[in-house]
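*Asks:* FYI, the numbering used here numbers position 46 of the sequence shown as 232, with every residue one higher than the one before it. There's a structure below that I have some questions on.
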Amino acid sequence: MTVDPSDYEKVMPSVAAHLAKIERAVDRTRALHAGRPFAAVHQALTEALQDEGAQRIVSQVIDELAGQISEAKAEPLELRGECLTA
Numbered sequence: 187m188t189v190d191p192s193d194y195e196k197v198m199p200s201v202a203a204h205l206a207k208i209e210r211a212v213d214r215t216r217a218l219h220a221g222r223p224f225a226a227v228h229q230a231l232t233e234a235l236q237d238e239g240a241q242r243i244v245s246q247v248i249d250e251l252a253g254q255i256s257e258a259k260a261e262p263l264e265l266r267g268e269c270l271t272a
């Protein structure tokens, strides 16, 4: 089966936009939930993906990303741009 190269060029903008939504959801979840229990991260990631309109993603990918975020160490608040004092 051959694919017309122009088809690729037609769909790439929508693919890139969808990937950007996923990246924003993952980045936000990682910043707020790194190191937390898997179930909490999974729920937060699922909600972030829905907020971005990127819920069309294979469930195994969500599971893997949630596992990686859960196992990651949280950055200190000052590295996340948050202030420890008001």
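Glycine residues also receive a C-beta, built at the ideal position from the N, C-alpha and C atoms.
Taking residue 203 as the reference, which of 232, 238 and 220 has the closest Cα?
*Replies:* 238
*Asks:* Whole angstroms is fine: what's the gap from residue 191's alpha carbon to residue 201's?
*Replies:* 15 Å
*Asks:* What three-state label does DSSP hand residue 216 in the structure shown?
*Replies:* helix
*Asks:* So, helix, strand or coil for residue 194, using DSSP?
*Replies:* helix
*Asks:* Could you compute how far the alpha carbon of residue 243 sits from the alpha carbon of residue 233?
*Replies:* 13 Å
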